[in-house]
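**Q** Numbering-wise (the numbering used here), the sequence shown opens with residue 1 and increments by one.
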Amino acid sequence: MSAGVTRSISVRTAAKVNLHLGVGAPREDGFHPLSTVYQAIGLYDDVTVRRSPTWNLSLETAEHVNAEAIPLIDNIVHHAARALGERHGRDLVAAVQIDKNIPVAGGLAGGSADAAGALVALDRLFGLQTSDEDLLEIAAGLGSDVPFALMGGTAIGTGRGELVEPVDDPGTWWWVAVTSRDGLSTPEVYRHFDRLFPDADPEPKGIEAVLAALASGEPLLLARSLHNDLQDAALDLRPDLARLIEEGEAAGALRGIISGSGPTVVFLAEDADSARHLGADLLGAGHEIALAAPGPVSGATLVSL
Ligand code: ATP
1 MSAGVTRSIS VRTAAKVNLH LGVGAPREDG FHPLSTVYQA IGLYDDVTVR RSPTWNLSLE
61 TAEHVNAEAI PLIDNIVHHA ARALGERHGR DLVAAVQIDK NIPVAGGLAG GSADAAGALV
121 ALDRLFGLQT SDEDLLEIAA GLGSDVPFAL MGGTAIGTGR GELVEPVDDP GTWWWVAVTS
181 RDGLSTPEVY RHFDRLFPDA DPEPKGIEAV LAALASGEPL LLARSLHNDL QDAALDLRPD
241 LARLIEEGEA AGALRGIISG SGPTVVFLAE DADSARHLGA DLLGAGHEIA LAAPGPVSGA
301 TLVSL
């Protein structure tokens, strides 16, 4: 590094889909117990950090991203910096830029992805050498999906989703994520789930079918085993999404399912070509955003120093 050049560090971080999302009755702490299988898919945000005398956050957003829905003050990246700094007894002051491509409030965990990216980028920038174990613990304090965003690949999530364990997933799966600029609030979807299912089992539904399908490498088997307990609640709040699922399946998708708490619908396609055609067809039919992406991909990854 030559004198006078400000060192910057960029970390690329991926969106997730839930191949299985089993939701139990709320625990005493108000969280719902989850039994989930996450997969990181190839839709990315980049988090770039450099040293700065004052904290500064800037955003660059892709055309399909609703920038107005992203807070600049109470941003999860700010919480990540504070939590990492507290762990090391330091104030981590930096200029942070988020290049955002993951739709906001879409059920794709874009905010969690940015938090994971910020943890890794700031750790490098300040030479903190935080252990993986500590990073995962800090991540869990920031949000249920943040530990998975660090890890990437395919993983089982338990607890409220924050306890993650990698899963062998040798296949390459192709998805088309169809979303709109108007998000759905995750807490609102969970509240609606509680109204619809006041007698939900405390124990969330198991993940065996999805694990067997992943091991088979067969897209049709995976399509059949996709499951989301939040789907009824999300469809009740957004009935248009049921029509979207039918439309995508009629256009050749093996299966469409609500991603997480929605409103993104993810369609599993037979292969890369089918995913591209399906994406083009859905855009042609007037849907605002249809993004083809493979999975699994890596978690938070250093892309430049
Ligand atoms: P999840 O499935 O984890 O709830 P999501 O994809 O539905 O995630 P996010 O895109 O993570 O939703 O955003 C949820 C909310 O978090 C947004 O509505 C926004 O107010 C807030 N937020 C804070 N920081 C960020 C960020 N860096 N990017 C996006 N949203 C952020």
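Beta carbons are placed, not taken as given, at the ideal position from N, Cα and C, and that holds for glycine.
1. Quick one: grab the DSSP three-state call for H20.
2. Any idea which residues DSSP pairs P294 with across the strands?
3. To which residues of the same chain is N228 closer than 6 angstroms at the C-beta, ignoring the five residues directly before and after it?
4. Answer yes or no: do V77 and D114 have a C-beta to C-beta separation smaller than 7 angstroms?
5. Return the residue from the list G295, P170, W173 and L136 that minimises the CA-CA distance to G157.
6. Mind checking which residues open and close the beta strand (DSSP E) that includes F267?
7. Answer yes or no: the CB of D46 versus the heavy atoms of the ligand GDP, is any distance below 6 angstroms?
8. So, with DSSP's three-state summary, where would you put G4?
9. Determine contact between the stretch 103-117 and the stretch 255-275, defined as no fewer than three beta-carbon pairs at a distance below 8 angstroms.
10. May I have a chain-ordered list of the alpha helix (DSSP H) segments no shorter than 4 residues that lie completely inside the stretch 93-174?
11. For the structure I just gave you, are there three or more beta carbon pairs, one from the stretch 9-21 and one from the stretch 46-60, closer than 8 angstroms?
12. With distance defined between alpha-carbon atoms, name the residue in E60, L268, Q129 and A25 nearest to D99.
13. On the DSSP bridge assignment, give the partners of G256 in chain order.
14. In whole angstroms, what separates the C-alpha of V178 from that of S112?
15. Between which two residues does the alpha helix (DSSP H) carrying D45 extend?
16. Could you check if S10 belongs to the surroundings of the ligand ATP, using beta carbon to heavy atom distance under 6 angstroms?
17. Are there 16 or more other CB atoms within 10 angstroms of the CB of P202, so buried, or fewer, so exposed?
18. Could you name the residues of the same chain whose beta carbon sits closer than 7 angstroms to that of T172, not counting the 5 residues immediately before and after it, in chain order?
19. Within the structure, which residues are defined as neighbours of the ligand ATP by a Cβ-heavy atom distance below 6 angstroms, reported in chain order?
20. Does the stretch 159-171 come into contact with the stretch 205-219, if we say contact requires no fewer than three beta-carbon pairs (one atom in each stretch) closer than 8 angstroms?
**A** Quick look at the numbers:
1. Stepping through the sequence shown from its first residue, residue 20 is reached at position 20. Strand, per DSSP.
2. Here residue 294 refers to the residue found at position 294 when the sequence shown is read from its first residue. W174.
3. The residue you call residue 228 lines up with position 228 of the sequence shown. Around N228: L21, I257 and I258.
4. Position 77 of the sequence shown, counted from the first residue, corresponds to residue 77. Position 114 of the sequence shown, counted from the first residue, corresponds to residue 114. Their beta carbons are under 7 angstroms apart, which means V77 touches D114 by this criterion.
5. Within the sequence shown, the letter at position 157 stands for residue 157. Here the closest residue by C-alpha is L136.
6. Stepping through the sequence shown from its first residue, residue 267 is reached at position 267. Its beta strand (DSSP E) spans residues V265 to A269.
7. For the ligand GDP, the structure offers nothing, since it holds only the ligand ATP.
8. Here the question's residue 4 lines up with position 4 in the sequence shown. Note on G4: pLDDT 47, under 50, position unreliable in the model; no value is reported.
9. yes
10. 110-125, 132-142 and 146-151
11. yes
12. Taking the first residue of the sequence shown as 1, we reach residue 99 at position 99. Looking at the Cα atoms, E60 is the closest of the given residues.
13. In the sequence shown, the residue the question calls residue 256 occupies position 256. G256 is bridged to F267.
14. Taking the sequence shown and counting its residues from 1, the one referred to as residue 178 is at position 178. Taking the sequence shown and counting its residues from 1, the one referred to as residue 112 is at position 112. If you take the alpha carbons of V178 and S112, they lie about 19 angstroms apart.
15. Position 45 of the sequence shown, counting from 1, holds the residue named residue 45. It is not in any alpha helix (DSSP H) - D45 instead sits in the beta strand (DSSP E) that spans L34 to R51.
16. Numbered from its first residue, the sequence shown carries residue 10 at position 10. Checking the Cβ of S10 against the ligand ATP gives no.
17. By one-based count along the sequence shown, residue 202 stands at place 202. Exposed, by the Cβ-count rule.
18. For the purposes of this step, residue 172 is taken as residue 172 along the sequence shown, with counting starting at 1. Contacts found: P294.
19. A69, I70, P71, N75, I76, V77, I98, V104, A105, G106, G107, L108, A109, G110, G111, S112, D114, D145, G183, T186, G260 and S261
20. yes
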